[in-house]
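Each position in the sequence shown, counted from 1, maps to that position plus 3 in my numbering. Reading through the structure tokens given below for one structure.
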Amino acid sequence: MRIGSIINGKEYNEEQRETLTVYNPYNQEKIADIVLANVEDLNKAIEQSFDTFHSTMKTMPAYQRANILLKTANLLEDRKESFAETIAKEAGKPLKYSRGEVDRAVQVLRFASERAKHIYSEVIPLDAAVGGENRLGFTKRIPLGVVAAITPFNFPLNLSLHKLAPAIAAGNTVLFKPAEKTPISAYMLVQLFHEAGLPTGALNLIMGKGEEVGDPLVQHEKVHKVTFTGSLPVGKNIREKAGFKKVTLELGSNSPNILFEDADMEQAVEDLVKGAFAFSGQVCISAQRIYVHHSLYDSFLKEYVSQTEALTIGNPTNESTDFGPMINKDAAERAKTWIDDAVSKGAKIATGGKLDGTMLTPTIMTEVKNDMKIIAEEVFAPIVSIIPFETEEEVVKLSNDSIYGLQAGVFTKDINRALRVANELEMGGVWINEISTYRQDNHPYGGVKQSGIGREGVKYAIDDMTELKFIGINLNEKRL
Ligand SMILES: NC(=O)C1=CN([C@@H]2O[C@H](COP(=O)(O)OP(=O)(O)OC[C@H]3O[C@@H](n4cnc5c(N)ncnc54)[C@H](O)[C@@H]3O)[C@@H](O)[C@H]2O)C=CC1
Ligand SMILES: O=C(O)[C@H](O)CS(=O)(=O)O
4 MRIGSIINGK
14 EYNEEQRETL
24 TVYNPYNQEK
34 IADIVLANVE
44 DLNKAIEQSF
54 DTFHSTMKTM
64 PAYQRANILL
74 KTANLLEDRK
84 ESFAETIAKE
94 AGKPLKYSRG
104 EVDRAVQVLR
114 FASERAKHIY
124 SEVIPLDAAV
134 GGENRLGFTK
144 RIPLGVVAAI
154 TPFNFPLNLS
164 LHKLAPAIAA
174 GNTVLFKPAE
184 KTPISAYMLV
194 QLFHEAGLPT
204 GALNLIMGKG
214 EEVGDPLVQH
224 EKVHKVTFTG
234 SLPVGKNIRE
244 KAGFKKVTLE
254 LGSNSPNILF
264 EDADMEQAVE
274 DLVKGAFAFS
284 GQVCISAQRI
294 YVHHSLYDSF
304 LKEYVSQTEA
314 LTIGNPTNES
324 TDFGPMINKD
334 AAERAKTWID
344 DAVSKGAKIA
354 TGGKLDGTML
364 TPTIMTEVKN
374 DMKIIAEEVF
384 APIVSIIPFE
394 TEEEVVKLSN
404 DSIYGLQAGV
414 FTKDINRALR
424 VANELEMGGV
434 WINEISTYRQ
444 DNHPYGGVKQ
454 SGIGREGVKY
464 AIDDMTELKF
474 IGINLNEKRL
């Protein structure tokens with residue numbers, strides 16, 4: 004398979020161009036060559052996005068945008084298996100989770116289709132100000148223009164749609180730069196939109212290395228907004244380079260989960276095994292730190308280790324696989340060095356910690372300290388730490404002791420305590436009696452501190468992808 008950038012519906016995959024090979028992370032089989040875009044292609048794609056915004060999307064009625072999104076959702080639903088198998092192969096994500104990602108992606112498209120018809124604004128009571136009589140004022144939410152969507156490898160379909168679908172719902176055009184590690188589902192997605200009737204120039208795909216096309220894309224004057232999901236260093240770079248553009252950044256996390264003494268431990272153990280090890284922990288709201296009240300600690304740890312060891316490890320394309328490889332050897336080796344670093348400073352491995360190529364076994368750490376990398380930084384790997392605590396005050400302090408603040412989980416039957424702790428946690432979102440890793444695609448999602456800027460979740464992304472415009476009329480009879 005050889006795939007390239009798609010600009011105004013034309014694919015750029017000529018023989019003489021530079022390519023990058025994509026390998027299946029599980030068995031290193033070659034699955035595709037991607038033909039890399041250069042800056043000239045990028046500029047052409049931005050010009051195309053800009054022109055199509057002004058010629059077509061800016062004035063496309065809401066019902067048409069909604070219909071295109073709905074049709075794309077239906078096409079995706081019909082091709083669920085093909086997308087799920089592609090994600091399993093390119094990302095190494097177990098098939099059951101890849102299917103779940105496609106189901107969510109279909110919903111995101113349907114939410115966006117519905118919201119496209121409900122982009123409301125308001126009438127301003129201008130008579131509230133002295134001299135404001137006989138004036139009418141109202142706002143409109145207008146599209147921004149060209150939205151640059153830069154996406155990561157871990158949810159190559161759904162996290163891309165969290166940008167593409169609201170951008171189109173709002174009437175923008177999109178310059179889409181997917182992760183070069185997982186470009187195939189992105190390529191298939193662009194074709195799906197075009198098949199559903201989206202004008203080809205409204206969604207242009209650039210297959211390029213982030214470090215090469217990233218800066219010119221982010222700095223281009225005809226790009227009006229950059230929406231990025233990915234790592235903190237790249238996010239910081241984008242923020243610095245983007246100038247006056249609107250920027251949404253969905254960055255990392257080291258999400259805490261807190262189990263108080265009255266929690267439903269049985270359920271929490273089961274959910275937190277998934278919460279830490281789904282897609283090998285390469286989920287930014289993965290349960291990385293689990294704080295367990297000291298009275299439950301020993302029994303929690305015993306049961307947690309036992310259920311973790313029962314996970315079926317293997318080929319992501321097998322139906323029964325729970326746990327597969329990491330995205331590549333470098334990522335797995337980096338994670339192993341963090342385990343070794345913690346052990347050298349006194350931490351213990353309760354289970355796991357074994358590395359073979361891209362496969363790092365599900366790893367549970369104990370006796371950790373706050374300054375160890377596996378606690379202080381984002382592990383983005385199958386490593387979770389179990390930490391005892393005594394008091395509510397102590398556990399809130401420990402949870403907040405982080406540069407990140409994306410999502411947390413709190414488990415208790417005491418609703419007053421749950422709400423108190425939720426208020427105290429410095430997070431973009433807090434789930435009560437649910438793991439930090441749980442996300443629905445219609446709630447506001449995004450971080451505080453260095454976890455990011457702005458919110459996704461279709462309605463909220465549309466807010467961030469539109470500009471509020473005020474229009475006022477002086478109704479004085481003499482003027483009309
Ligand atoms: N908060 C959130 O919703 C999520 C955050 N993440 C974060 O993403 C990271 C893992 O994903 P990766 O794909 O490895 O992240 P990454 O930051 O390496 O790459 C993400 C995207 O940025 C592009 N890129 C790289 N350098 C660039 C530059 N200089 N300018 C513009 N674009 C550039 C890449 O090509 C890719 O498309 C983790 O740190 C994780 O926390 C991942 C998923 C969700
Ligand atoms: O959509 C999700 O489940 C998460 O946003 C994925 S990630 O952002 O945590 O990686």
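A virtual CB, placed ideally from N, CA and C, is assigned to each residue, including glycine.
Just to confirm before moving on: does the CB-CB distance between residue i and residue j stay below 7 Å?
{"i": "residue 90", "j": "residue 186", "result": "no"}
{"i": "residue 367", "j": "residue 387", "result": "yes"}
{"i": "residue 290", "j": "residue 414", "result": "no"}
{"i": "residue 7", "j": "residue 210", "result": "yes"}
{"i": "residue 160", "j": "residue 288", "result": "no"}
{"i": "residue 162", "j": "residue 455", "result": "no"}
{"i": "residue 47", "j": "residue 10", "result": "yes"}
{"i": "residue 438", "j": "residue 278", "result": "yes"}
{"i": "residue 4", "j": "residue 40", "result": "no"}
{"i": "residue 230", "j": "residue 172", "result": "no"}
{"i": "residue 282", "j": "residue 99", "result": "no"}
{"i": "residue 275", "j": "residue 255", "result": "no"}
{"i": "residue 385", "j": "residue 284", "result": "yes"}
For the alpha helix (DSSP H) containing residue i, name the first residue and the last one.
{"i": "residue 36", "result": "That residue, residue 36, is in no alpha helix (DSSP H); its beta strand (DSSP E) goes 33-38."}
{"i": "residue 379", "result": "376-379"}
{"i": "residue 80", "result": "65-81"}
{"i": "residue 196", "result": "187-198"}
{"i": "residue 170", "result": "161-172"}
{"i": "residue 100", "result": "98-119"}
{"i": "residue 382", "result": "Note, residue 382: premise wrong, no alpha helix (DSSP H); not H, not E."}
{"i": "residue 352", "result": "That residue, residue 352, is in no alpha helix (DSSP H); its beta strand (DSSP E) goes 351-354."}
{"i": "residue 57", "result": "42-58"}
{"i": "residue 483", "result": "Residue 483 -> no alpha helix (DSSP H), and no H or E assigned at all."}
{"i": "residue 304", "result": "300-312"}
Taking the straight line between their C-alpha atoms, what separation do you get for residue i and residue j?
{"i": "residue 396", "j": "residue 264", "result": "14 Å"}
{"i": "residue 122", "j": "residue 470", "result": "12 Å"}
{"i": "residue 18", "j": "residue 332", "result": "29 Å"}
{"i": "residue 77", "j": "residue 109", "result": "7 Å"}
{"i": "residue 301", "j": "residue 295", "result": "9 Å"}
{"i": "residue 467", "j": "residue 349", "result": "45 Å"}
{"i": "residue 146", "j": "residue 178", "result": "15 Å"}
{"i": "residue 292", "j": "residue 325", "result": "21 Å"}
{"i": "residue 120", "j": "residue 459", "result": "18 Å"}
{"i": "residue 140", "j": "residue 134", "result": "14 Å"}
{"i": "residue 249", "j": "residue 317", "result": "42 Å"}
{"i": "residue 94", "j": "residue 280", "result": "15 Å"}
{"i": "residue 188", "j": "residue 43", "result": "24 Å"}
{"i": "residue 13", "j": "residue 193", "result": "11 Å"}
{"i": "residue 246", "j": "residue 472", "result": "21 Å"}
{"i": "residue 475", "j": "residue 129", "result": "9 Å"}
{"i": "residue 319", "j": "residue 59", "result": "42 Å"}
{"i": "residue 430", "j": "residue 381", "result": "15 Å"}
{"i": "residue 463", "j": "residue 447", "result": "6 Å"}
{"i": "residue 75", "j": "residue 81", "result": "10 Å"}
{"i": "residue 25", "j": "residue 273", "result": "34 Å"}
Output the boundary residues of the beta strand (DSSP E) element that contains residue i.
{"i": "residue 392", "result": "386-392"}
{"i": "residue 368", "result": "366-369"}
{"i": "residue 473", "result": "469-477"}
With DSSP as the reference, please indicate the residues paired to residue i in a beta bridge.
{"i": "residue 432", "result": "410"}
{"i": "residue 126", "result": "141"}
{"i": "residue 5", "result": "36"}
{"i": "residue 261", "result": "294 and 413"}
{"i": "residue 252", "result": "231 and 456"}
{"i": "residue 152", "result": "179 and 230"}
{"i": "residue 555", "result": "With the chain represented from 4 up to 483, any question about residue 555 goes unanswered, as that position is not in the structure."}
{"i": "residue 207", "result": "178"}
{"i": "residue 23", "result": "37"}
{"i": "residue 359", "result": "362"}
{"i": "residue 146", "result": "469"}
{"i": "residue 448", "result": "459"}
Just confirm the distance between the C-beta atoms of residue i and residue j, as a whole number of angstroms; I'd bet it's less than 8 Å.
{"i": "residue 461", "j": "residue 53", "result": "The pair is not a contact, with the Cβ atoms about 24 Å apart (cut-off 8 Å)."}
{"i": "residue 55", "j": "residue 202", "result": "6 Å"}
{"i": "residue 435", "j": "residue 425", "result": "6 Å"}
{"i": "residue 330", "j": "residue 184", "result": "6 Å"}
{"i": "residue 116", "j": "residue 73", "result": "4 Å"}
{"i": "residue 411", "j": "residue 428", "result": "5 Å"}
{"i": "residue 233", "j": "residue 155", "result": "5 Å"}
{"i": "residue 327", "j": "residue 15", "result": "That belief does not hold up - the Cβ atoms of residue 327 and residue 15 are roughly 32 Å apart, past 8 Å."}
{"i": "residue 390", "j": "residue 371", "result": "6 Å"}
{"i": "residue 354", "j": "residue 394", "result": "In fact, because the Cβ distance is near 28 Å, the residues do not count as touching under 8 Å."}
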